[in-house]
Ligand code: AMP
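Residue numbers (the working numbering): 21 to 571.
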């Protein structure tokens with residue numbers, strides 16, 4: 021029998037739809053940015069004509085469909101305008117990670133062949149070392165309040181001015197018809213190993229991801245929410261929050277260059293009535309310390325979205341105690357990024373809720389997951405015991421990288437290899453055990469560096485801890501803890517104390533060979549523990565240490 025086609029419209033799924041919603045339905049909603057001189061406040065009704073003008077300016081500058089338009093910018097209103105204008109006029113928004121080393125930025129700009137680069141005034145110093153090394157760039161646009169047709173900047177030369185470009189255009193723009201398969205945006209992986217790789221999102225993937233983010237069992241943003249993303253707009257599109265906010269009609273708060281300043285962020289959240297905050301665990305470690313010190317509280321916040329790395333139990337407990345309920349999510353640049361969200365399922369006993377919320381949760385609707393044995397490639401059962409590499413597939417999961425790098429990330433049957441190692445419970449809760457490259461291989465068995473870190477961070481005198489495996493003659497690798505004492509306990513906590521604390525929490529053979537105290541755990545450009553840096557400078561394990569720990 022011949023297949024029969026459905027009779028539904030082939031409506032192209034594009035970000036123009038999100039723009040249409042903010043224009044027609046959410047005119048009164050505000051975009052508020054914290055600046056040096058106070059806050060910048062703008063309604064969507066004011067922003068939409070600016071987005072139209074920006075698209076007009078891009079066209080006048082010769083930006084063609086498919087051209088990459090790079091941004092080197094904080095989370096702010098102009099960056100949001102670019103989020104709409106660039107993809108909606110058919111070009112590709114390439115958000116540059118402003119915490120990268122110059123040589124990585126240079127590599128990324130050249131790899132993406134960016135032609136136009138928008139830069140926040142405060143970030144100009146990052147551009148200067150790149151001059152003469154990024155030949156694809158045809159024009160720089162300076163994002164600043166002071167408008168002047170062109171600026172001459174020391175070491176950079178002539179730059180166009182954002183506000184002057186907008187002034188020269190009209191309030192309306194004839195948006196072209198787009199195909200949903202066209203590239204909308206690109207983001208590079210944070211490159212913890214080797215060079216960063218370009219992930220290219222399509223309009224379709226962004227649209228469907230946005231719908232996924234909004235689901236009540238996922239991040240569940242609603243029109244009544246005021247959202248403060250403390251996750252950078254260059255980190256996996258700020259976890260998709262800007263478009264999700266546009267689609268739902270949320271008020272949006274941006275911290276601009278105050279991103280890392282807990283005091284300013286709390287102030288902004290308090291003054292503007294934030295209901296949802298989002299950021300990696302390290303942000304919340306600083307926030308807890310501040311709130312405890314000042315006695316401030318954020319009673320309107322009902323959800324703190326947290327992902328990027330596992331949430332330590334001690335952190336979730338401390339946040340709960342302050343009335344800040346964390347919602348744990350897992351994902352990666354290649355998964356747009358939302359992959360799983362942890363909400364206790366129906367029937368979860370109250371006393372098990374915290375345990376469940378600390379897992380990486382359940383895979384979101386639209387994405388399929390499996391775990392496979394790293395040696396045989398066989399699929400493993402969801403029994404809460406067997407662990408293997410997470411592989412995923414779905415409409416917002418990458419199938420390759422820009423310029424064809426690393427084709428091996430896709431299996432033969434077209435699942436994406438995440439490089440994360442996890443077990444999955446019969447209920448579907450994912451528990452990340454480690455990254456494949458961080459798991460510690462000791463005597464043929466695996467030790468989860470993440471679990472060990474969490475156990476160490478539960479120690480009341482420890483602020484942060486990262487665990488790496490170091491070479492060992494007998495056991496292949498053994499765990500070594502790099503711990504940071506809480507400021508009030510600096511110099512007052514010993515290696516033996518930490519090892520004794522762990523004795524009833526982890527298997528005996530997991531006990532670290534050494535605990536080394538440091539002032540701060542090195543972080544990657546997106547705020548995660550940078551174990552590459554720790555490994556590079558690690559001295560070998562002391563002889564006899566293994567035996568000492570096991571006594
Ligand atoms: P990125 O592409 O920079 O966002 O990094 C993605 C990686 O961060 C994932 O592959 C995980 O290793 C890690 N990650 C993200 N979210 C979590 C989480 N909730 N728990 C543990 N690891 C996470």
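All C-beta atoms, glycine included, are put in the ideal place defined by N, C-alpha and C.
On a predicted model such as this, the values are computed, not experimentally measured, just so you know.
For this session: Flag residue 348 as yes when its Cβ comes closer than 7 Å to any non-hydrogen atom of the ligand AMP, and as no otherwise.
Result: yes
For this session: Tell me residue 430's beta-bridge partners as DSSP assigns them.
Result: 436
For this session: For the alpha helix (DSSP H) holding residue 123, just list the boundary residues, first then last.
Result: 122-132
For this session: Pull up the distance between the alpha-carbon of residue 129 and that of residue 254, whole angstroms please.
Result: 14 Å
Exercise. What are the start and end residues of the beta strand (DSSP E) that includes residue 274?
Worked result: 271-274
Exercise. So what's residue 567 in DSSP terms, helix, strand or just coil?
Worked result: With a pLDDT of 48 at residue 567, under the threshold of 50, the modelled position of that residue is not reliable, and the figure given next carries that caveat. It is helical.
Exercise. What did DSSP end up calling residue 182 once you bin it into helix, strand or coil?
Worked result: helix
Exercise. How is the beta strand (DSSP E) around residue 502 delimited, first residue to last?
Worked result: 496-505
Exercise. Can you find a heavy atom of the ligand AMP that lies under 7 Å from the Cβ of residue 353?
Worked result: Yes, the ligand AMP has a heavy atom inside 7 Å of this Cβ.
Problem set entry | Boundaries of the alpha helix (DSSP H) in which residue 304 is found, first to last residue | 301-314
For this session: Starting from the C-beta of residue 501, find all residues in its chain whose C-beta is less than 6 Å away, skip the five residues before and the five after it, and write them out in chain order.
Result: 476, 485, 487, 532, 535
Exercise. Do residue 460 and residue 439 have their CB atoms nearer than 8 Å?
Worked result: no
Problem set entry | Where residue 259 falls: helix, strand or coil (DSSP) | helix
Problem set entry | Contained beta strand (DSSP E) runs [length at least 3] in the stretch 341-391, N- to C-terminal order | 346-351, 358-362
Exercise. Under three-state DSSP, which class holds residue 557?
Worked result: Helix.
Problem set entry | Rounded separation between residue 469 and residue 497 - CA only | 12 Å
Exercise. Exposed or buried, what is residue 105 when buried is set at 16 or more other beta-carbons lying within 10 Å of its beta-carbon?
Worked result: Per the 10 Å Cβ criterion, buried.
For this session: Tell me whether the beta-carbon of residue 41 lies closer than 8 Å to the beta-carbon of residue 232.
Result: no
Exercise. In its own chain, which residues sit with a C-beta less than 6 Å from the C-beta of residue 421, not counting the 5 before and 5 after it?
Worked result: 217, 218
For this session: Mind checking who residue 246 pairs with in its DSSP beta bridge?
Result: 271
Exercise. In chain order, what residues of the same chain have a beta carbon less than 7 Å from the beta carbon of residue 429, not counting five sequence neighbours either side?
Worked result: 436, 437
Exercise. Helix, strand or coil: how does DSSP classify residue 283 here?
Worked result: helix
Exercise. Does the distance from the CB of residue 321 to the CB of residue 289 come in under 8 Å?
Worked result: By the CB criterion at 8 Å, residue 321 and residue 289 fall inside the cutoff.
Problem set entry | Run of the beta strand (DSSP E) containing residue 62, from where it starts to where it stops | 58-63
Exercise. Sorry if obvious, but does the Cβ on residue 376 come closer than 7 Å to a heavy atom of the ligand AMP?
Worked result: no
Problem set entry | Buried or exposed by the 16-neighbour rule on C-beta atoms within 10 Å, applied to residue 576 | The structure shown has nothing for residue 576, since the chain only spans 21 to 571.
For this session: Tell me whether the beta-carbon of residue 358 lies closer than 8 Å to the beta-carbon of residue 260.
Result: yes
Problem set entry | Per-residue DSSP class, three states only, for residue 403 | coil
For this session: Could you say which of 74, 51, 559, 508 lies nearest to residue 189 if we only look at CA atoms?
Result: 74
For this session: Please look up how many angstroms separate the CB atoms of residue 317 and residue 342, rounded, as I've assumed it's under 8 Å.
Result: 7 Å
Exercise. Under the criterion of a Cβ to heavy atom distance below 7 Å, does residue 329 qualify as lining the ligand AMP?
Worked result: For residue 329, the CB falls within less than 7 Å of some heavy atom of the ligand AMP.
Exercise. Is the closest heavy atom of the ligand AMP to the C-beta of residue 440 under 7 Å?
Worked result: yes
Exercise. DSSP state of residue 27, grouped into three classes?
Worked result: coil
For this session: Express the C-alpha separation of residue 247 and residue 310 in angstroms, rounding to a whole number.
Result: 20 Å
Problem set entry | Heavy atom of the ligand SAM within 7 Å of residue 209 beta-carbon | Looking at this structure, you won't find the ligand SAM anywhere; what it does contain is the ligand AMP.
Problem set entry | For residue 244, the nearest candidate out of 269, 238, 236 (CA to CA) | 269
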